[in-house]
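Below is one structure; the comments refer to it alone.
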Amino acid sequence: MRVTSTGHAGFLIETTGGSILCDPWFNPTFFGSWFVFPRNDGLDPTPLSNPDYLYISHFHRDHLDPRFLTEHVSKDATVLLPAYGVDVLEHALRDIGFTRFVRTSNGEVIELDGDLRIGIQSLAGPHIGPMGDSMLAVADPTAVVLDQNDAHPADLDFVKAFGPVDAHLLQYSGAIWYPMVYEIPEEEEFRLIEAKRRRQLDRATTYIEMVGARHVVPSAGPPCFIDEGMMDLNDLPGGRPSIFPDATVFIDHLRSVGHDEAHLTVPGTSLEVGGPGDGTIVHPMPESEVRAIFADKAAYLERYREDMADVIATEHASWPTDTTDLLAEMTEWLDPILAIAHHTREGVGAPVTLRTDDGLAIVIDMPAGRVRALEPGERTPFEFGMARPLLEAAVRNRTGDWCNELFLSCRFTARRDGPYNEYVYTFFKSLSMDRMRYAEEYYGAQLADDDVEWIELDGWIVESRCPHQKASLARMGSVCDGRLTCGLHGWEFDLATGTGTNSEGLTLRVRGRVDHPDADPVETAGSEPSESPSGVRGGEQT
Ligand code: FES
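For what it's worth, this note's numbering labels the leading residue of the sequence shown as 632, then goes sequentially.
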């Protein structure tokens, strides 16, 4: 089997049963904020144009690039479709022109022609990425590859059905706006960035150890930011701390903990997996040039910015220059959605203000369930600020998922009084009736789920699964100073009360210490329908 990087999370996987093009991303996205790093604009698209199969892991624009698919990929390709609760991905691919689909169900092994077997594990839920994320296992008689990309599952057990994994492709870097957009003291911001960066690297290392593949390919990021005023987001020597470490940082981290199976790739690099050439790497340029990209990244990005000046200018020119009555527009659009958003509104629990740089302030009043103007002197617990053209664009386009369009651009500011609240972001991902219905059904089902198993962890009896995304706490949980931390996304819980200490809206069920095994279980959100629903996520976003 041969795995060729096309940049970011993109790969062409060539097997004995045909080729699979995965997540090809070439065009800058998120309001021109994200560019592929290392750049792939010089890559010849011809070898990618006639794949037997197409796999788009999820709806994020750095995985689903409609323009590239429209212009370069044959619509005869058969789409390997993840199972999601909303069908926005299938609709988008049909709109582009694809008509052949293999619908997968979660983790099921599917036999295709030529002794090719595949399976897609979907992570479904309104709180996960753009209404879901997924990963792909591919097996032919020569090798098994797991393309985990940026999915962060509680476990990777589904891949066992394919046998030992030979190559593991996975994310290790950041892909979110947190904490950079928050209005917090710089010292706190830097501390949060360092903690998040460490958690990302540790989480990826844990996945690598779960799978135990011979070859690891760091993938799915980081993007780079080359527009005016955004360079600071990149991880540059001597620069501000960044949640976007590149592959050389991750490979060094892995070496420091005893792993030497990771390969550095750039767009066009191929890796042979299985067979006599196993482990052979071929780069599209001399090794010294590959190294130079990372060793002199500031100069590389500066050249990239100069080369992309026209692209960036075109992006800016596409933003609206006129203004509309946004209060009226948003009222007409959002009030019907708010009317069905019972769990979500209760989870947010307070009004949210949207401010623009020209002085407009609109409130989404969650308790009242309506859009209104900000009252004189009013300060709401949640506030977002952005340039007027970006809000105009989101409203005019009726963008159903602001998190994965507007917010991932990092072209906004955020303030909150109090802890992180995941429901705020779920709301901004659910801005259509279909999306909100799905979110509400999901939370309703979470409330009804009261099937609890208990484990002992460092002297405490706690529920076995993290209330966030059900990670095994036996595997991912650690206890220190009376707090349990789940290593999958870093949520922390006070063991005395079960309450989240770095988030709100969910509670860990704790029976007590081992020497007090008869202690009553802590009351939990999941068992009390009047409380906020559990199963939300926070601090991390893909
Ligand atoms: S599953 Fe996300 S923090 Fe535990």
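Ideal Cβ positions, reconstructed from N, Cα and C, are used throughout, including at glycine.
Going by DSSP in three states, Ala1150 sits in which element: helix, strand or coil? Residue confidence for Ala1150 is low, a pLDDT of 41 falling below 50, so the modelled location carries little weight; the figure read from the coordinates is stated next. In this structure, Ala1150 counts as coil in the three-state DSSP scheme.
Tell me the rounded alpha-carbon separation between Gly648 and Lys706. Distance from the CA of Gly648 to the CA of Lys706, rounded to the nearest whole angstrom, comes to 19 angstroms.
Is Thr945 helix, strand or coil by DSSP? Three-state result, Thr945: helix.
DSSP has Asp996 in a bridge; who is on the other side? Beta-bridge pairing links Asp996 to Arg1001.
Residue nearest to Gly641 in terms of C-alpha spacing, selected from Ser650, Trp656, Ile651 and Arg633: Gly641 has its Cα closest to that of Trp656, out of Ser650, Trp656, Ile651 and Arg633.
Taking Val942 as the reference, give the member of Glu645, Leu1021, Gly663 and Trp808 with the closest Cα. Out of Glu645, Leu1021, Gly663 and Trp808, the CA that lies nearest to the CA of Val942 is found in Gly663.
Based on the DSSP output, what are the partners of Asp771 in its beta bridges? For Asp771, which the question treats as bridged, DSSP gives the partners Ala774.
Which residue from Thr836, Leu801, Ser765 and Tyr935 puts its Cα closest to that of Asp672? If you compare the alpha carbons of Thr836, Leu801, Ser765 and Tyr935 with that of Asp672, the shortest gap goes to Tyr935.
List the DSSP bridge partners of Ala972. DSSP, once it has assigned bridges, lists no residue as partnering Ala972.
Sequence ranges, alpha helix (DSSP H) only - wholly within the region 785-868, length at least 4: List check, alpha helix (DSSP H) in window: 817-842.
Can you grab the Cα-Cα spacing for the pair Pro1152 / Thr1138, in whole Å? For Pro1152, the pLDDT reaches just 37, beneath the cut-off of 50, and the residue's location in the model is therefore unreliable, although a value from the coordinates is still provided. Whole-angstrom Cα-Cα distance: 11 angstroms.
What is the DSSP secondary structure of Gln1077, counted as helix, strand or coil? Here Gln1077 sits in helix by DSSP.
Run the proximity test for Cys1034: is its beta-carbon closer than 8 angstroms to any non-hydrogen atom belonging to the ligand FES? The beta carbon of Cys1034 sits no closer than 8 angstroms to any heavy atom of the ligand FES.
Determine the DSSP secondary structure at Arg871, reduced to helix, strand or coil. Note: Arg871 maps to coil in three-state DSSP.
What span of residues does the beta strand (DSSP E) with Leu652 cover, start to end? Taken as a continuous stretch (DSSP letters only), the beta strand (DSSP E) holding Leu652 covers Gly649 to Cys653.
Secondary structure at Ile759, three-state DSSP: helix, strand or coil? Reduced to three states, the DSSP call for Ile759 is coil.
Residue from Ala1025, Ala1018, Leu1022 and Tyr1051 whose Cα sits closest to the Cα of Pro1012: Closest in C-alpha terms to Pro1012, from the list Ala1025, Ala1018, Leu1022 and Tyr1051, comes Tyr1051.
Any residue whose CB is nearer than 5 angstroms to a heavy atom belonging to the ligand FES, listed in chain order: Taking each Cβ in turn, the ones that pass are Cys1097, His1099, Gln1100, Ala1102, Cys1117, Leu1119, His1120 and Trp1122.
Based on Cα-Cα distance, which residue from Asp989, Asn658, Gly805 and Met939 lies nearest to Phe699? The shortest Cα separation from Phe699 among Asp989, Asn658, Gly805 and Met939 belongs to Asn658.
What span of residues does the alpha helix (DSSP H) with Ala878 cover, start to end? Its alpha helix (DSSP H) spans residues Ala878 to Ser887.
CA-to-CA distance, Asp996 to Thr955, given in whole angstroms: Looking at the two C-alpha atoms, the distance is approximately 21 angstroms.
Might you give, ordered along the chain, the residues of its own chain that have their beta carbon closer than 6 angstroms to the beta carbon of Val847, omitting 5 neighbours on each side? Excluding sequence positions up to five before and after Val847, its CB lies within less than 6 angstroms of the CB of His799, Ile839, Glu892 and Ala893, all in the same chain and listed in chain order.
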